[in-house]
Amino acid sequence: MKLTHHLVVNYDLYRKMDVFEPHWASPEEIKAFHSPEYIDFLQRVTPTNQKEYAQELQKCMFNCGEFTDCPIFDGVFDFCRIYSGGTLDAAHRLNHGLCDIAINWAGGLHHAKKSEGSGFCYVNDIVLGILELLRYHPRVLYIDIDVHHGDGVEEAFYVTDRVMTVSFHKYGDFFPGTGDIKDLGAKNGKYYAVNFPLLSGMTDESYKNIFKPVIAKVMETFQPSAVVLQCGADSLTGDRLGCFNVTTKGHGECVDFVKSYGLPLLVLGGGGYTIRNVARAWAYETAVLLGEEVSNNIPYNDYFEYYAPSFKLHLDPDPELENANSKDYMEDIKIRIFENLRALDGAPSVQMAQAPPSILTREEDEDAVDPDTRAPEHDNRRQPEAEFYTNENDQDQCEPSNTEKDSNQMDADRTSATSMEVD
Numbered sequence: 001m002k003l004t005h006h007l008v009v010n011y012d013l014y015r016k017m018d019v020f021e022p023h024w025a026s027p028e029e030i031k032a033f034h035s036p037e038y039i040d041f042l043q044r045v046t047p048t049n050q051k052e053y054a055q056e057l058q059k060c061m062f063n064c065g066e067f068t069d070c071p072i073f074d075g076v077f078d079f080c081r082i083y084s085g086g087t088l089d090a091a092h093r094l095n096h097g098l099c100d101i102a103i104n105w106a107g108g109l110h111h112a113k114k115s116e117g118s119g120f121c122y123v124n125d126i127v128l129g130i131l132e133l134l135r136y137h138p139r140v141l142y143i144d145i146d147v148h149h150g151d152g153v154e155e156a157f158y159v160t161d162r163v164m165t166v167s168f169h170k171y172g173d174f175f176p177g178t179g180d181i182k183d184l185g186a187k188n189g190k191y192y193a194v195n196f197p198l199l200s201g202m203t204d205e206s207y208k209n210i211f212k213p214v215i216a217k218v219m220e221t222f223q224p225s226a227v228v229l230q231c232g233a234d235s236l237t238g239d240r241l242g243c244f245n246v247t248t249k250g251h252g253e254c255v256d257f258v259k260s261y262g263l264p265l266l267v268l269g270g271g272g273y274t275i276r277n278v279a280r281a282w283a284y285e286t287a288v289l290l291g292e293e294v295s296n297n298i299p300y301n302d303y304f305e306y307y308a309p310s311f312k313l314h315l316d317p318d319p320e321l322e323n324a325n326s327k328d329y330m331e332d333i334k335i336r337i338f339e340n341l342r343a344l345d346g347a348p349s350v351q352m353a354q355a356p357p358s359i360l361t362r363e364e365d366e367d368a369v370d371p372d373t374r375a376p377e378h379d380n381r382r383q384p385e386a387e388f389y390t391n392e393n394d395q396d397q398c399e400p401s402n403t404e405k406d407s408n409q410m411d412a413d414r415t416s417a418t419s420m421e422v423d
């Protein structure tokens, strides 16, 4: 996150959007999806006392702790509260028309289940965000371009027709081992789970040739009123755990295509294990979402040396990585997905009741607020200009106001939720 933050700041992208400090999600908010027992456990467990919970772990199967893919570390639950709060705040702003696109690069932890962690994911902020969106939107589309299957999100909405999940992922002998094309959903949710199982070596061209037609057909069939896009960067070429050959431009083209529909869009991070490339992708995709052109030359920043030897924003594909996805294979999967979508009778009709008050702090009704005090009330978590600067001269030019001077100075590298309004 630090590397991404520094690129966004030094490309001057932060000036084109509103940046907000997220609230920390409360245990009650997180329990909107996760079981109380699991969340209570995450609140109590620490690296020093985790052995005391060995029997509870064995009984409850929380899949957290030693010898699991969700190790316990100091502050694990605070970590979950921060990134989950960012996603909830982003969804809230979309619900109330305060922005068109909202980003939380710290979110996107798509593997966590109702009562267990999985794949370094402890709390599923995506599910929490979708549940928040469903309070105001009859249908929400979830798209996942992580190299791993978005199993936790799919499982959460497997039997509902109000959420369609679409995942493009490596399938086979690869974590988490789910996401076959035959996994369609069940009961009311039958055909509302869409999986495109892929093989190693996916290129930009191959990805584009399946992503755009599938998403276009999904949009036509499901007619969502809001979209959640998980942008896991482990689908990039050169990722330590990934096996695709997609470049930053190819990854960003998917983001741009989804943006082109003009629907309320919640954009989240996800996986990525070559951190300099994760930062490249998310900084570039921030620019894509803003409609801004950025230089291919990495701007000088505190982590400049991480981008050696090229010091370029964009990645080149690996010429030695073979694409195991033949045109015939991809065409066959695409046709089968289209056939499944044709089995639907069109977008489901949803009787929407008045949304109950949310546990989140709501913006006050603008008509009820004194115009002289309205802006401070609405912007109490907006980050002042002085929070972001690229050098000492820039800092001098952005002298904070008296109100900003009185506020607590926050770490510029913190995990934050970013909301933006695109003209």
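Heads up: the sequence shown runs through residues 1 to 423, numbered per UniProt numbering. We put the beta carbon where it would ideally sit given N, CA and C, even for glycine. Only a predicted model underlies this, so the values are computations on that prediction, with no experimental measurement involved.
Quick one: residues in its chain with C-beta nearer than 6 angstroms to the C-beta of residue i, no 5 flanking neighbours on either side, listed in chain order?
i: L321; result: G201 and N245
i: G85; result: P22, H23, W24 and A25
i: A233; result: G272, V278 and A281
i: A324; result: L199, S200 and G201
i: I126; result: H110 and V153
i: V255; result: E285 and V288
i: F211; result: C254
Examine the ligand MN and report whether any of its heavy atoms sits within less than 7 angstroms of the Cβ of residue i.
i: D316; result: This structure does not include the ligand MN; it has no bound ligands of any sort.
Among the residues of its own chain, which have a CB less than 7 angstroms from the CB of residue i, if the five just before and after it don't count?
i: L134; result: V140 and R162
i: I275; result: L3
i: T178; result: H149 and D151
i: D146; result: H110, H169, Q230, G232, D234, S235, G270 and G271
i: K312; result: N296, N297 and I298
i: Y306; result: L3 and R276
i: D183; result: A193 and N195
Could you say which of the options lies nearest to residue i if we only look at CA atoms?
i: Y14; options: L289, K327, N323 and V278; result: L289
i: E132; options: D40, D89 and D328; result: D89
i: N301; options: M1, K2 and H6; result: H6
i: S225; options: P47, V127, M330 and Y142; result: Y142
i: S295; options: Y306, E305, R44 and A283; result: A283
i: T203; options: C243, G189 and N188; result: C243
i: K16; options: Y303, K327, N325 and E293; result: E293
i: P317; options: Q43, T247, C254 and L128; result: T247
i: A193; options: S167, S206 and G172; result: S167
i: D40; options: T165, C80 and T237; result: C80
i: P71; options: L98, T46, V214 and P348; result: T46
i: P197; options: I337, Y261, M1 and C231; result: I337
i: K249; options: S349, E205, I335 and Y261; result: E205
i: H169; options: E52, L313 and I333; result: I333
i: C99; options: L313, L184 and G262; result: G262
i: Y83; options: L268, G346 and H314; result: L268
i: P348; options: N95, L128 and N188; result: N188
i: residue 427; options: P36, A54, K190 and N209; result: This structure cannot speak to residue 427, because the chain is shown only from 1 to 423.
i: F257; options: G238, L241, P213 and D239; result: P213
i: T87; options: V228, D239 and K51; result: V228
i: P176; options: T237, I215, L241 and Y158; result: L241
i: N95; options: Y136, N195, G75 and Y122; result: Y136
i: E331; options: Y207, M164 and P36; result: Y207
i: E155; options: H34, M1 and P319; result: H34
i: F73; options: A54, Y122 and I130; result: Y122
What does the Cβ neighbour count give for residue i, buried or exposed, with the cut at 16 atoms within 10 Å?
i: P309; result: exposed
i: D328; result: exposed
i: F304; result: exposed
i: A186; result: exposed
i: D173; result: exposed
i: G270; result: buried
i: K259; result: buried
i: E392; result: Note that E392 has pLDDT 48, beneath the 50 cutoff, so the model's placement of it is unreliable and no number is given.
i: N49; result: exposed
i: E364; result: Confidence in E364 is poor, its pLDDT being 40 and thus under 50, which makes the residue's placement unreliable; the coordinate value appears in the next sentence. E364 is exposed by the Cβ-count criterion.
i: H251; result: buried
i: V350; result: exposed
i: N124; result: buried
i: I298; result: buried
i: I335; result: exposed
i: G97; result: exposed
i: Y11; result: buried
Near residue i, what residues of its chain come up, given a Cβ to Cβ distance below 8 angstroms and the 5 sequence neighbours on each side ignored?
i: Q43; result: P27 and F77
i: G217; result: Here residue 217 is Lys; the residue named in the question, Gly, does not match the sequence. Excluding residues within five positions, the ones whose Cβ falls inside 8 angstroms are I337, F338 and L341.
i: H314; result: T247, T248, K249, R280, Y284 and N296
If we define contact as Cβ-Cβ less than 8 angstroms, is residue i a contact residue for chain D?
i: D302; result: Within the model displayed, chain D is absent; a lone protein chain is all it includes.
Do the stretch 95-109 and the stretch 29-42 make contact, defined as three or more Cβ pairs closer than 8 angstroms?
-> no
Okay, do the stretch 217-229 and the stretch 109-122 touch, 3+ Cβ pairs below 8 angstroms being the bar?
-> no
Examine the Cβ distances between the stretch 60-69 and the stretch 117-126 and report whether three or more of them are shorter than 8 angstroms.
-> yes
Whole beta strand (DSSP E) elements within the stretch 304-343, 3-residue minimum = none
What runs of the alpha helix (DSSP H), each 4 residues or longer, lie entirely inside the stretch 35-66?
-> 36-44 and 54-60
Jot down the residue ranges of each uninterrupted beta strand (DSSP E) in the stretch 178-228, minimum 3 residues, whole runs only, in chain order.
-> 193-198
Along the chain, which unbroken stretches of the alpha helix (DSSP H) at least 4 residues long are found entirely within the stretch 238-271?
-> 248-259
Fully enclosed by the stretch 124-154, which alpha helix (DSSP H) runs are 4 residues long or longer?
-> 125-134
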